[in-house]
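*Asks:* Dropping the structure in here first, questions after.
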Amino acid sequence: MATVDMSVKLAASAAEVWEVVGDFLNLDKWHPAVEKSETIGEGGIRRLTSGGGGPTFDEVQLERDEDGRRMRYAILGKPFPLENYSSWMSVEDIEGGCVVRWHSAFTPDEGSETKANGIIQFIYKSGFDALVARFGAA
2 MATVDMSVKL AASAAEVWEV VGDFLNLDKW HPAVEKSETI GEGGIRRLTS GGGGPTFDEV
62 QLERDEDGRR MRYAILGKPF PLENYSSWMS VEDIEGGCVV RWHSAFTPDE GSETKANGII
122 QFIYKSGFDA LVARFGAA
């Protein structure tokens, strides 16, 4: 099992940032790697279309803690060289702003550990860069 754990400090309150990143069904509103986000069915499933010719895939929200500003979700299917992807994101107040944490655990395909980690790190970093551009760094 591999993990990716990244965070960014932003110059905004956790409530302000959660209003944006906590909107599970509208990732395309803030993440530059996502061209389109669609709601699938009645539940918390989103279909994401990656920009730049990347894959289209579904994710399901597994847990949500509105008061704790935390959610957990999983990828359905296999759009990347990995399986059993589960992730959580949280937003917490800190002095001078907030910290956004994004953590995942997954099983990389055999021989693809570096590639799988790189894909997830790119997704997280490009999202964090967009949040810094929007809210400023703390």
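Every position in the sequence shown, counted from 1, becomes a number in this note's numbering once 1 is added. Virtual Cβ for every residue (Gly too), placed ideally from N, Cα, C. All values reported here derive from a predicted model rather than from experimental measurement.
1) To which residues of the same chain is isoleucine 116 closer than 7 Å at the C-beta, ignoring the five residues directly before and after it?
2) Determine the contact status of glutamate 84 and arginine 73, defining contact as a CB-CB distance below 8 Å.
3) What first and last residue would you give for the alpha helix (DSSP H) that runs through serine 127?
4) For phenylalanine 81, name the three-state secondary structure that DSSP assigns.
5) In the structure shown, what three-state DSSP assignment does aspartate 29 receive?
6) Are there 16 or more other CB atoms within 10 angstroms of the CB of phenylalanine 107, so buried, or fewer, so exposed?
7) Isoleucine 46: which of Trp31, Thr57, Phe25 sits nearest, CA to CA?
8) For my contact list, valine 133 and tryptophan 19 are in at a C-beta cut-off of 8 Å; report their separation, rounded to the angstrom.
9) At what residue ranges does the stretch 7-76 contain a whole run of the beta strand (DSSP E), taking only runs of 3 or more?
10) According to DSSP, simplified to helix, strand and coil, what is glutamine 97?
11) In the structure shown, what three-state DSSP assignment does methionine 2 receive?
*Replies:* Checking against the coordinates, here is how it stands:
1) It should be noted that the sequence gives lysine, not isoleucine, for residue 116. The answer, listed in chain order, is Pro82.
2) no
3) 114-136
4) coil
5) helix
6) buried
7) Phe25
8) Contact flag wrong, Cβ pair sits at about 16 Å.
9) 35-41, 46-51, 57-66
10) The sequence shown places glycine at residue 97, rather than the glutamine named in the question. Reduced to three states, the DSSP call for glycine 97 is coil.
11) coil
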